[in-house]
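First up is the structure itself, then whatever we jot down about it.
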Amino acid sequence: MKSTIFKEIQNERDYQDKRFGKQPRSLKPTLYLAVLTEELGEVARAIIEGQSENYRAELIQLAAVAVAAIQEFDEGSATYDLDEVCPPIVYASQGQLNKATNTRKN
C-alpha cells in the first residue's frame with residue numbers, strides 16, 4: 027500500500043511539472059510556503075465539508091508540493107540563504123538558538 031501512495035505522489039509531481047513547467051522553477055521558500063499553505067487549506071476544507079475522496083486527493087497534492095520543494099532544495103535550485111529569506115524567530119520562552127546547530131543555548 028505504501029508504494030501505491032508514493033506512486034500517486036510521483037504521478038502528481040509529474041502532473042505538476044507538466045502543468046506548471048519542469049525544473050528549474052526556482053521558487054523561493056516563502057513561495058513554497060504559500061503554495062503549501064494553500065494546499066493545506068484545501069485539505070482543511072475537505073475535512074470541514076466531510077469530503078473523504080477530496081480529502082485524500084488534496085493530501086496527495088500537498089505531499090507532491092512538499093516533495094517539489096525538497097527536490098528543488100536538494101538539486102541546488104534553492105541557492106539562497108534561508109536566513110535572508112525568512113530569519114529564524116526566537117521566542118523569549120525558547121532562549122537563544124544556536125544557528126549552527128539549531129539547538130537551544132541555556
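Here this note's numbering runs 26 ahead of the position in the sequence shown, where the first position is 1.
For every residue, glycine included, the Cβ atom is placed at its ideal position computed from N, Cα and C.
Inset, instruction - Return yes when the Cβ of GLU38 is within less than 8 Å of the Cβ of ILE73, no when it is not. - result: GLU38 is positioned such that its CB atom lies no closer than 8 Å to that of ILE73.
Inset, instruction - Would you check if the distance between the CB atom of LEU59 and the CB atom of LEU88 is smaller than 8 Å? - result: no
Inset, instruction - Could you give the DSSP three-state label for TYR67: helix, strand or coil? - result: For the sequence presented, residue 67 should be read as Gly rather than Tyr. It is helical.
Legend entry - First through last residue of the alpha helix (DSSP H) which encompasses GLN97: 78-100
Inset, instruction - Could you name the residues of the same chain whose beta carbon sits closer than 7 Å to that of ALA90, not counting the 5 residues immediately before and after it, in chain order? - result: ILE35, GLU38, ARG39 and GLN42
Legend entry - Spatially closest choice to GLN145 from ALA70, LYS54 and ARG71, by CA coordinates: A query on residue 145 cannot be resolved here, the shown segment of the chain reaching from 27 to 132 and no further.
Inset, instruction - Check whether the Cβ atoms of VAL69 and GLU79 sit closer than 8 Å, and answer yes or no. - result: no
Legend entry - N-terminal and C-terminal residue of the alpha helix (DSSP H) that LYS54 is part of: Note, LYS54: premise wrong, no alpha helix (DSSP H); not H, not E.
Legend entry - Three-way DSSP call (helix, strand, coil) for GLU75 in this model: coil
Inset, instruction - Tell me whether ASN132 is buried or exposed, calling it buried when 16 or more other Cβ atoms sit within 10 Å of its Cβ. - result: Note that ASN132 scores 49 on pLDDT, short of 50, meaning its location in the model is unreliable; the coordinates nonetheless yield the value given after this. With fewer than 16 Cβ atoms within 10 Å of its Cβ, ASN132 is classed as exposed.
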